[in-house]
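Chemist: To start, I am sharing the structure in question, which I have written as structure tokens.
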Ligand SMILES: [Zn+2]
Ligand SMILES: [Zn+2]
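In this note's numbering, the protein residues as written are 9 to 278.
Structure representation (structure tokens):
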């Protein structure tokens, strides 16, 4: 099998089931068919450490997964942290891991814990889009209870120019269409396997196959039958299986298609 987990947080995994060894986890992931991953940072304080953690997994080897990086500041993290587009661009351009930083984010809007549109979230979101455009890298969007504002900002900031993904997509078909209209991908997580996600499964059935990605968002959002436990990229197969069943194709076909989509999206030669 050839899975590409398009969104995970490898620096936050629970490694206890792997003898507290990151390398043992990575070997198990490869064994489970997870050949590629995009590791997403959520706070600048962790950018460097995360990059160093996955540094040994930079090249395709045929026996271990290959990992790429995305740097951003999550919309619910550190309200007082000032981060402008220039700082993001400068960090990426001068990073020793520059060639492996293939996307910007995650960024976006999250009103789940607050019912007012937070100004600082908007400014930070726009800064990420500006940086992504300057760097010509796609942007990874997190949106929660804020779909309309998120799509408005993407449009007004010309995010079509850099492209991107609606990560962990849970919104309705109207929002899906708006994202597809500006050339964005939809990435489905373990939520697709939840009993309550019937509407989302309808969306996943209708979306164009060449615009779909799969992800775990590990260590969060473990799919059924692991729901409630710490997630790892190994469980991406459960989301892929639901997608395969919905689309009436084989698991292998979904793995190949979503991997090809992710490689195209990130401009990777794989
Ligand atoms: Zn997120
Ligand atoms: Zn995430």
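Built from N, CA and C at the ideal position, the CB exists for glycine as well.
Would you give the residue range spanned by the alpha helix (DSSP H) that residue 67 belongs to?
Modeler: Taking the chain shown and counting its residues from 1, one reaches residue 67 at position 59. From DSSP, residue 67 is part of no alpha helix (DSSP H); its letter is neither H nor E.
Chemist: Assess contact between the region 175-194 and the region 213-223, defined as three or more Cβ pairs (one per stretch) separated by less than 8 Å. Is contact present?
Modeler: With a cut-off of 8 Å, the region 213-223 and the region 175-194 count as touching, because enough Cβ pairs lie within range.
Chemist: What distance in whole Å lies between the Cβ atoms of residue 133 and residue 83, which are believed to be in contact at a cut-off of 8 Å?
Modeler: Taking the first residue of the chain shown as position 1, residue 83 is located at position 75. Taking the first residue of the chain shown as position 1, residue 133 is located at position 125. The Cβ separation is near 7 Å, so the contact holds.
Chemist: Between the Cα of residue 87 and the Cα atoms of 243, 127, 278, which residue gives the shortest distance?
Modeler: One-based indexing of the chain shown puts residue 87 at position 79. Of the candidates 243, 127, 278, the one whose C-alpha sits nearest the C-alpha of residue 87 is 127.
Chemist: Which of helix, strand or coil does DSSP assign to residue 120?
Modeler: Taking the first residue of the chain shown as position 1, residue 120 is located at position 112. Reduced to three states, the DSSP call for residue 120 is coil.
Chemist: With residue 75 as the anchor, note down where its beta strand (DSSP E) starts and where it stops.
Modeler: Here residue 75 corresponds to residue number 67 of the chain shown, with the count starting at 1. 74-79 is the span of the beta strand (DSSP E), which, as asked, contains residue 75.
Chemist: Tell me the residue span of the alpha helix (DSSP H) that contains residue 255.
Modeler: Residue 255 sits at position 247 when you count from the first residue of the chain shown. Segment 244-255, the alpha helix (DSSP H) holding residue 255.
Chemist: For a minimum of 4 consecutive residues, which ranges assigned as the alpha helix (DSSP H) are wholly contained in the region 148-192?
Modeler: The qualifying runs are 155-164, 181-189.
Chemist: Sort 251, 100, 54, 59 by Cα distance to residue 139 and report the nearest one.
Modeler: Working through the chain shown from its first residue, we reach residue 139 at position 131. Out of 251, 100, 54, 59, 100 has the C-alpha closest to the C-alpha of residue 139.
Chemist: What did DSSP end up calling residue 60 once you bin it into helix, strand or coil?
Modeler: For the purposes of this step, residue 60 is taken as residue 52 along the chain shown, with counting starting at 1. The answer is helix: DSSP assigns residue 60 an H, G or I state.
Chemist: Please confirm whether residue 238 and residue 45 have their CB atoms less than 8 Å apart.
Modeler: Against the chain shown, residue 238 aligns to sequence position 230. Against the chain shown, residue 45 aligns to sequence position 37. No. Outside cutoff.
Chemist: Where residue 72 and residue 117 are concerned, what is the direct C-alpha to C-alpha distance, given to the nearest angstrom?
Modeler: Numbered from its first residue, the chain shown carries residue 72 at position 64. Numbered from its first residue, the chain shown carries residue 117 at position 109. Roughly 35 Å separates the two Cα atoms.
Chemist: Would you kindly check if the distance between the Cβ of residue 80 and the Cβ of residue 102 is under 8 Å?
Modeler: For the purposes of this step, residue 102 is taken as residue 94 along the chain shown, with counting starting at 1. For the purposes of this step, residue 80 is taken as residue 72 along the chain shown, with counting starting at 1. Cβ atoms of residue 102 and residue 80: not closer than 8 Å.
Chemist: Measuring straight from C-alpha to C-alpha, what distance separates residue 9 and residue 42?
Modeler: Numbered from its first residue, the chain shown carries residue 9 at position 1. Numbered from its first residue, the chain shown carries residue 42 at position 34. Computed Cα separation, rounded: 7 Å.
Chemist: Measure the Cβ-Cβ separation of residue 177 and residue 195 and say whether it is below 8 Å.
Modeler: Reading the chain shown from its first residue, position 169 is the one you call residue 177. Reading the chain shown from its first residue, position 187 is the one you call residue 195. The answer is yes: Cβ separation under 8 Å.
Chemist: Let me make sure I understand the geometry here. Which of 98, 61, 229, 252 has the alpha-carbon closest to that of residue 76?
Modeler: Your numbering for residue 76 matches position 68 in the chain shown. Among 98, 61, 229, 252, the Cα nearest to that of residue 76 is on 61.
Chemist: Using the C-alpha atoms, what's the distance from residue 167 back to residue 247?
Modeler: Your numbering for residue 247 matches position 239 in the chain shown. Your numbering for residue 167 matches position 159 in the chain shown. Cα to Cα, the separation comes out at about 27 Å.
Chemist: Would you give the residue range spanned by the beta strand (DSSP E) that residue 46 belongs to?
Modeler: Within the chain shown, residue 46 is the residue found at index 38, counting from 1. Per DSSP, residue 46 belongs to the beta strand (DSSP E) from 42-48.
Chemist: In whole angstroms, give me the CA-to-CA distance for residue 149 and residue 78.
Modeler: Taking the first residue of the chain shown as 1, we reach residue 149 at position 141. Taking the first residue of the chain shown as 1, we reach residue 78 at position 70. Going by the C-alpha atoms only, they are around 12 Å apart.
Chemist: Between the region 267-274 and the region 226-237, do three or more beta carbon pairs fall short of 8 Å?
Modeler: Segments in contact, no.
Chemist: Which residue from 157, 193, 236 puts its Cα closest to that of residue 223?
Modeler: As a working mapping, residue 223 is identified with position 215 in the chain shown. Checking every option, the nearest Cα to that of residue 223 belongs to 193.
Chemist: Using only the heavy atoms of ligand 2, determine whether one of them is closer than 7 Å to the beta carbon of residue 225.
Modeler: As a working note, residue 225 is residue 217 in the chain shown. True, at least one ligand heavy atom lies under 7 Å from that Cβ.
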